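Under this note's numbering, the sequence shown is numbered contiguously, ending at residue 279.
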Amino acid sequence: MNTGKIHKMVLYALFIAIVLVLGLTPLGFINLPIASVTTVHIPVIIAAYCFGVKGGALMGFFFGLTSLIRCFTTPDAVAAIILGTNTGFGFYNVLLIILILFMPRILTGIFPALVFKGISKFDKTKLGAMSVSAFTGSMTNTVFFLGSLYLFAYEQAAEGFGLVNYTPVSFIKVLLGIVAFNGVLEALTAVIICTAVGKAILIYLDKKGLSFKE
């Protein structure tokens, strides 16, 4: 096995470990005075810079896996919907696991990789490419997660949010409020961290003459 493959395996294992630690412990959540910000998507986005679409998708899968595990270890309103706590578990719940927990997380790794690859062609420093990619990845996670809740579990989600006499329009307003506030806050956090860490890692890979993108 050559050195490049060993480096790749080590870095993959490292990123997977980071995703699992952040996803399954309080370390993955920053409690601010005005909101709680998740950071689990950050290593997924950085992996997308380093490994491309396949690597980003793989880290997104493990992000989704931590979300599923948390449904059992720290259940909340979303977990009750996903696992059918009040309705019973069936094929519908399997679809919810795929569409709400895994699909948004996997796309969180795919979209930044594509955006980074496209913008990098015109950005020699890669800073702009990483910033835009980080914002894209973070908003992908937020929008697709909440959008999937709305599309596939509308009534249960509205009740879980504590809405009374809700309508489709009123529920959308609630979700848009979450996207505009919490979603943007998480995205800005991702831009700062992903750009700084991602640049350092890419410099390291360049010095070692390594490229893992596929």
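We treat Cβ as the ideally placed atom computed from N, Cα and C, and that holds for glycine.
The model shown is predicted, which means the values in this text are computed figures rather than measured ones.
Inset, instruction - State the Cα-Cα distance for the pair V84 and L148, rounded to the nearest angstrom. - result: 23 Å
Inset, instruction - Kindly list the residues whose CB is nearer than 7 Å to the CB of T176, restricted to its own chain and excluding five residues on each side of it in sequence; keep chain order. - result: Strictly speaking, residue 176 in this sequence is Phe, with Thr absent from that position. Excluding sequence neighbours, F176 sits near T201, G202 and T205.
Legend entry - Close beta carbons around V256, own chain, < 7 Å, minus the five adjacent residues each side: S196, A199 and F200
Legend entry - Every unbroken alpha helix (DSSP H) within the stretch 144 to 204, with a cutoff of 4 residues, ordered by chain: 156 to 161 and 168 to 185
Legend entry - Own chain partners of L133 with C-beta closer than 7 Å, once the 5 adjacent residues on each side are dropped: I162 and L166
Inset, instruction - Would you kindly work out how many angstroms separate the C-alpha atoms of F209 and L240, rounded to a whole number? - result: 11 Å
Inset, instruction - Measuring alpha carbon to alpha carbon, tell me which of L76, T68, I71 and N67 ends up nearest I266. - result: L76
Legend entry - Status (buried if at least 16 other CB within 10 Å, exposed otherwise) for I71: exposed
Inset, instruction - With distances taken Cα to Cα, identify the nearest neighbour of S235 among V118, Y215, G248 and N247. - result: Y215
Legend entry - Counterpart residues of V102 in DSSP-defined beta bridges: I95
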